[in-house]
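A.B. asks: First, the structure itself, so that you have it in front of you.
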Amino acid sequence: MAQTLPLDLTLVALRQQRIAALADIEDLVRLFRPAILRFVTYSVGDRDIAESITQDCFLVAYKLRNRFRGECGLKTWLMRIALNLIRSHTRTMKFRFWKAAPRIEVEALADSLASRDDSPEEQIIAKEQLKVVRQALDRLSPRQRTVFLMHFVEDLDLAEISAATGMSVTTVKTHLYRAVGAIRAKLGGGL
Amino acid sequence: MTEHLSDQELTDHLVGIYLERVEGHLGSCQLCSNELAQVKASIGALRCAVRGLNELPISSGASAETARALPLWASCATPGWAITAALVLCTSLSGVFCGKLLLVGSRSPDAAGPAEVASSPQSGIERDNELLSRIDVEISQSVPSSMRPLQISSPYR
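Residue numbers (our numbering), protein chains in the order written: chain A, 47 to 237; chain B, 175 to 331.
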């Protein structure tokens, strides 16, 4: 019991720190807006809608800040809000998750590749790789793609993805296996 | 030779779960190592591309955000010359309107306007004289009693 007390105190302090960080909305936006925006952009496939959802995400976070208990990280919490907003948009049928009409094309994504210093050959290879992985992800379910993006692009670990999506850690892992398997198959692996 | 890596084992490695069998196999199997490198490169390309999305220029997104910050009238695409013309028109109209108000306010019920004076000079002069005499009366009445000329009305006299 005596050993668990410092751990509990650390947890309480961490939670309080997270809650305190939420008070400064400007800092919150500055720190997490890029991550939320790119996640939403890639999820809905439209930059304008993504901007709107991202703005709503921070608005909702600000309104619900009193309900945040600090049990998960701020990024995880914001991701959860963003995901709910995306689903909400999907339900209204105004936007189709992942299948929005003005979706981000592979070429547009390729243009954003941070490979400006790469040789032309390397850029072509990177674009081909991107094309393959994009095609593989297109065939996945929205949940599998969400989990894949959260982990491999936004660096959330399994527990954080579980908290953000409401799925169990085992389910999250299963979705990741399938996503990686799909990419592997597309790349010509599948040994 | 052991079996090649399954999707689960490959994913475990990618998410940072390093199992002894997997690591051992990767050390000895060129095929699996190459495949892992290929998967990593593809995911890396996607990661770079998605992360680079934030650096793409915003076309209508920024303008929409700005439009939300501006009042409705300011968000309209009105040409500059139209605004200038509207301002000039408003200024001139308000000048005319204020001028009329001043004239009406300064005019006494009995006083005639400049147009009336010009049309009948005689009646205008008469009215002016009448007004002046009324003013004399009002002024004389407003003189305090202490400043009025002394009158022989004292009972002690």
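Even for Gly, the Cβ is constructed at its ideal location relative to N, Cα and C.
Please give the ranges of any beta strand (DSSP E) in the region 173-223 of chain A, keeping only runs that are unbroken, at least 3 residues long and fully inside the region.
C.D. replies: If we require 3 residues or more, the region 173-223 of chain A turns out to have no beta strand (DSSP E) run fully inside it.
A.B. asks: Compare the C-alpha of residue 190(B) against each of 229(A), 202(A), 232(A) and name the closest.
C.D. replies: The option with the nearest alpha carbon to residue 190(B) is 202(A).
A.B. asks: Quick one: using the 10 Å Cβ neighbour count with 16 as the cut-off for buried, is residue 212(A) buried or exposed?
C.D. replies: Residue 212(A) is exposed by the Cβ-count criterion.
A.B. asks: For the alpha helix (DSSP H) that residue 189(B) lies in, which residues bound it at each end?
C.D. replies: Residue 189(B) -> no alpha helix (DSSP H), and no H or E assigned at all.
A.B. asks: Would you be able to state if there are at least three C-beta pairs under 8 Å between the region 101-114 of chain A and the region 180-190 of chain A?
C.D. replies: The region 180-190 of chain A vs the region 101-114 of chain A: no contact.
A.B. asks: Between the region 226-234 of chain A and the region 210-220 of chain B, can you find at least three pairs of beta-carbon atoms closer than 8 Å?
C.D. replies: As far as the Cβ criterion goes, the region 210-220 of chain B touches the region 226-234 of chain A, which means the pair count is three or higher.
A.B. asks: From residue 174(A) to residue 54(A), what distance separates their C-alpha atoms?
C.D. replies: Rounded to the nearest angstrom, the two C-alpha atoms are 49 Å apart.
A.B. asks: Leaving aside the five residues before and after residue 82(A) along the sequence, list all residues of the same chain whose C-beta is less than 6 Å from its C-beta, in chain order.
C.D. replies: Taken in chain order, the residues that qualify are 100, 103, 124, 128.
A.B. asks: Give a yes or no on whether 8 Å exceeds the smallest Cβ distance from residue 202(B) to chain A.
C.D. replies: So no, residue 202(B) is outside the interface.
A.B. asks: Taking residue 220(B) as the reference, give the member of 195(A), 204(A), 118(A) with the closest Cα.
C.D. replies: With distances taken between Cα atoms, residue 220(B) lies closest to 195(A).
A.B. asks: I'd like to know if residue 189(B) contacts chain A, where contact means its C-beta is closer than 8 Å to some C-beta of that chain.
C.D. replies: Yes, residue 189(B) lies at the interface with chain A (some Cβ there is under 8 Å from its Cβ).
A.B. asks: Return the CA-CA distance between residue 222(A) and residue 136(A), expressed in angstroms with no decimal places.
C.D. replies: So the alpha carbons of these two residues sit roughly 23 Å apart.
A.B. asks: Where do the ends of the alpha helix (DSSP H) carrying residue 78(A) lie?
C.D. replies: Element bounds for residue 78(A): 71-90.
A.B. asks: Can you give me the start and stop residues for the alpha helix (DSSP H) that residue 209(B) sits inside?
C.D. replies: Start and end: 204-225.
A.B. asks: Quick one: what does DSSP say residue 116(A) is sitting in, helix, strand or coil?
C.D. replies: Looking at residue 116(A) - three-state DSSP - the assignment turns out to be coil, as it is neither helix nor strand.
A.B. asks: With a threshold of 8 Å on Cβ separation, who are the neighbours of residue 291(B) within its own chain once the five nearest residues in sequence on each side are excluded?
C.D. replies: Reliability of the predicted coordinates at residue 291(B) is poor, the pLDDT of 45 falling under 50, and the value obtained from them is presented with this limitation in mind. Correct list, in chain order: 298.
A.B. asks: Short check: CB of residue 198(A) to CB of residue 217(B), under 8 Å?
C.D. replies: In this structure, residue 217(B) lies closer than 8 Å to residue 198(A) by Cβ.
A.B. asks: Our contact map puts residue 64(A) next to residue 120(A) with C-beta atoms below 8 Å; I'd like the distance itself, whole angstroms only.
C.D. replies: Right, the Cβ-Cβ distance comes to about 6 Å (below 8 Å), so this counts as a contact.
A.B. asks: Which one of 68(A), 117(A), 134(A), 97(A) has the shortest CA to CA distance from residue 111(A)?
C.D. replies: With distances taken between Cα atoms, residue 111(A) lies closest to 68(A).
A.B. asks: For residue 209(A) versus residue 87(A), is the C-beta distance shorter than 8 Å?
C.D. replies: Contact flag unset, no.
A.B. asks: In terms of residue numbering, what span does the alpha helix (DSSP H) encompassing residue 93(A) cover?
C.D. replies: Note, residue 93(A): alpha helix (DSSP H), 93-109.
A.B. asks: Rounded to a whole number of angstroms, what is the C-alpha to C-alpha distance between residue 165(A) and residue 186(B)?
C.D. replies: If I take the Cα positions, the gap works out to 32 Å.
A.B. asks: Please list the partners that residue 207(B) has in chain A, where partner means a Cβ-to-Cβ separation under 8 Å.
C.D. replies: Within chain A, no residue comes near residue 207(B); the closest Cβ sits about 12 Å away, beyond 8 Å.
A.B. asks: Quick one: list the residues of chain B neighbouring residue 175(A), beta-carbon separation under 9 Å, in chain order.
C.D. replies: Per Cβ cutoff of 9 Å: 212, 215, 216, 217, 218, 219, 220.
A.B. asks: Give me, in chain order, the residues of the same chain whose beta-carbon lies closer than 6 Å to that of residue 206(A); leave out the 5 immediate sequence neighbours on both sides.
C.D. replies: Closer than 6 Å at the Cβ level, and outside the excluded window around residue 206(A), lie 122.
A.B. asks: Mind pulling the chain A residues with CB within less than 7 Å of residue 193(B)?
C.D. replies: Simply none; closest approach about 14 Å.
A.B. asks: Checking 8 Å against the spacing of the C-beta atoms, do residue 107(A) and residue 74(A) come in under that value?
C.D. replies: Against a cut-off of 8 Å, the Cβ pair of residue 74(A) and residue 107(A) comes out as a contact.
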